[in-house]
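Everything below concerns the one structure shown next.
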DNA sequence: TTTTAGTTAACGGAAAACCGTTATATAACA
DNA sequence: TGTTATATAACGGTTTTCCGTTAACTAAAA
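Chains as they are written, first to last, in the numbering used here: chain A, 1 to 223; chain B, 224 to 446.
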């Protein structure tokens, strides 16, 4: 007896990537693409119309409603949705966030198509799957974080840190080229507090100065 | 009489995008994909082995050897190569650079696949082709640049400015989170000179501070 | 209920960035 | 042969960032 095909929905703001994934998946006879979305809005509406799929392939870097926010939406609505997250960058913090939000698969876009197949077949069984470059990153991160000051890591060892709401808010304003004073005025807090946030951001993100913060912000679509 | 197919080579560090483009092109019976490269090195070697194609589809954002550098290589070797440049970002400065280096087609990755077909069929006849979002950008840029201070624009009106070699060098080091002093030591020049360069960069790029420079550097793959 | 995470705030001193402006030398260009 | 672009350098003053450290209050979690 042959079981039903795995239904897949793809969400990515780059149509060409959707085409690419479809091209990879259509050769497999246990997988079926049942739809795609070109932005977070479309995807959320698709869910709201009570559509379903076995596996969601989700780009994290989408304008307006990001993949992250889609995951938040799903979590909030208590929708259990096996998901493979696609990302342009290898970023350990991003991976942590994504795991926190319940996604089990994570692949860097630069990785070839066949890994998506493995990822789909893993997450459908609620198993984790990390693409090759991600695995490397996790191992590297684990090593350094364990040896170095465990400033961010808590008891779990790996599932940690990330920025607070306020810190993200401050970071965004820094990335808008605003000075401490301007940020303080905008957020109705003391300049000293903003400085503290800036300091904590530099430590948490492990960069040298505001330039590092700006690059981090750019990388994580906070700009 | 039916003419020979248009041979196309694709270069992009994201395999999935190559797959996507192949998927789009393989439905066309006047176009034939004759090869692909996953980075700038591979592509340059491909050319060095005296391979040829009618149209090159070139991603600008590749690690190590970028698309820009590939264009420089082709120009330097006097290889006339009709090229469609792919970019993740809509950036007017980038477009200008690319035009300077001889590419005639320019498409943002977010644009759907069919535009690539138009682009290929344009550049093969040495005609320019700009994707929809790029056209918008050019129009917008033209309007503001004309109205506002023409600080960067020279006689040509559109094909202008850009940073000097030295400025780019300094900018890259700033984006590496180095201080003025460190940069000065690395380049064997005075701190004062580095400050002058930083100042000029801020003015030229029209940003407020090093954060703006960092973001510009990130956007233009100088990081 | 203690513990932890987050937000707020302060302070003093060092370092770096920012600003305007001027100036010299060189190489390329018209 | 001027003109222009580029790279170099200096200077004084202002503003901002950076660093370490401490601490109080709150809300949520263990």
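C-beta: ideal position from N, C-alpha, C; glycine also.
Those residues which DSSP pairs with residue 31 (chain A) across a bridge: A:6
Minimum Cβ-Cβ distance from residue 434 (chain B) to chain A less than 8 Å: yes
Might you give, ordered along the chain, the residues of its own chain that have their beta carbon closer than 7 Å to the beta carbon of residue 30 (chain A), omitting 5 neighbours on each side? 5 and 6
Notebook entry, point to check: Under a CB-based cut-off of 8 Å, is residue 417 (chain B) close to chain A?
Noted result: Closer than 8 Å: no.
If you run the structure through DSSP and keep just helix, strand and coil, what is residue 398 (chain B)?
coil
* **Residue range of the unbroken alpha helix (DSSP H) whose run includes residue 296 (chain B)** => 290-299
- prompt: Where residue 318 (chain B) and residue 329 (chain B) are concerned, what is the direct C-alpha to C-alpha distance, given to the nearest angstrom?
  reply: 7 Å
> Is the shortest distance between the beta-carbon of residue 9 (chain A) and the beta-carbons of chain B less than 8 Å?
Replying inline: no
- Whose C-beta lies closer than 8 Å to the C-beta of residue 180 (chain A) among residues of the same chain, with five residues either side of it excluded? Same-chain partners within the cutoff: 191, 194, 195 and 198.
Practice prompt. Below 7 Å CB to CB, which residues in the same chain sit around residue 238 (chain B) once its five sequence neighbours on both sides are set aside?
Written response: 261
CB of residue 231 (chain B) within 8 Å of CB of residue 210 (chain A), strictly: no
*asked:* Using a 10 Å radius around the Cβ and a threshold of 16 neighbouring Cβ atoms, would you call residue 82 (chain A) buried or exposed?
replied: If you draw a 10 Å sphere on the C-beta of residue 82 (chain A), you find 16 or more other C-beta atoms in it, and that means buried.
| task | Could you name the residues of the region 231-263 of chain B whose beta carbon sits closer than 8 Å to any beta carbon of chain A, in the order they occur along the chain? | result | 236, 237, 238, 239, 240, 241, 242, 243, 244, 245, 246 and 247
Element boundaries [beta strand (DSSP E), containing residue 485 (chain B)]:
For residue 485 (chain B) there is no data in the structure shown, the boundaries of chain B being 224 and 446.
Requested in this report: Look up residue 280 (chain B) in the DSSP assignment and give the residues it is bridged to.
Outcome: B:233 and B:307
Original post:
If you count every other CB in all the chains shown that lies within 10 Å of the CB of residue 157 (chain A), and 16 or more means buried, which is it?
Top reply: Interpretation of residue 157 (chain A) is limited by its pLDDT of 28, a score under 50 that renders its predicted location unreliable; the figure taken from the coordinates is listed afterwards. Residue 157 (chain A) is exposed by the Cβ-count criterion.
Could you give the first and the last residue of the continuous alpha helix (DSSP H) run that contains residue 273 (chain B)? Unbroken run through residue 273 (chain B): none, as it is neither H nor E.
_I want to verify the contact list: residues of chain B whose CB lies under 7 Å from the CB of residue 177 (chain A), in sequence order._
430, 431, 432, 434 and 435
| said: Using C-beta distances below 7 Å, list every residue in its chain close to residue 73 (chain A), excluding the 5 sequence neighbours before and after it, in chain order. | reply: Contacts found: 44.
Practice problem: Could you spell out the range, first to last residue, of the alpha helix (DSSP H) harbouring residue 208 (chain A)? | Solution: Neither: residue 208 (chain A) is in no alpha helix (DSSP H) and is coded neither H nor E.
Quiz prompt | Closest Cα partner of residue 326 (chain B) within the set B:242, B:300, B:405 and B:307 | solution = Residue 326 (chain B) has its Cα closest to that of B:307, out of B:242, B:300, B:405 and B:307.
Just to check my reading of the structure: residue 331 (chain B) and residue 357 (chain B) have Cβ atoms closer than 8 Å, yes? What is that Cβ distance to the nearest angstrom? 6 Å
Within this structure, are the beta carbons of residue 201 (chain A) and residue 213 (chain A) separated by less than 8 Å? yes
Could you spell out where the alpha helix (DSSP H) holding residue 180 (chain A) opens and where it closes? Looking at the DSSP string, the run of the alpha helix (DSSP H) that includes residue 180 (chain A) is 180-187.
Please state the DSSP three-state secondary structure of residue 413 (chain B). In the structure shown, residue 413 (chain B) falls within a coil segment according to DSSP collapsed to helix, strand and coil.
- Measure from the alpha carbon of residue 25 (chain A) to the alpha carbon of each residue in A:127, A:119 and A:99, then state which is nearest. A:119
*asked:* For residue 280 (chain B), count the other beta carbons within 10 Å of its own beta carbon; 16 or more makes it buried, fewer makes it exposed. Which is it?
replied: It is buried - the Cβ of residue 280 (chain B) has at least 16 other Cβ atoms within 10 Å.
* Candidates A:182, A:178 and A:172, of which the one nearest residue 217 (chain A) by Cα -> A:172
- Along chain A, which residues have their Cβ under 8 Å away from the Cβ of residue 446 (chain B)? 215
At the level of alpha carbons, what is the spacing between residue 129 (chain A) and residue 429 (chain B)?
44 Å
*Mark residue 274 (chain B) as exposed unless 16 or more other C-beta atoms lie within 10 angstroms of its C-beta, in which case mark it buried.*
With fewer than 16 Cβ atoms within 10 Å of its Cβ, residue 274 (chain B) is classed as exposed.
Residues of the region 336-352 of chain B whose Cβ lies closer than 7 Å to any Cβ of chain A, in chain order: 336
For residue 164 (chain A) and residue 97 (chain A), I'd like the C-alpha separation in whole angstroms. 12 Å
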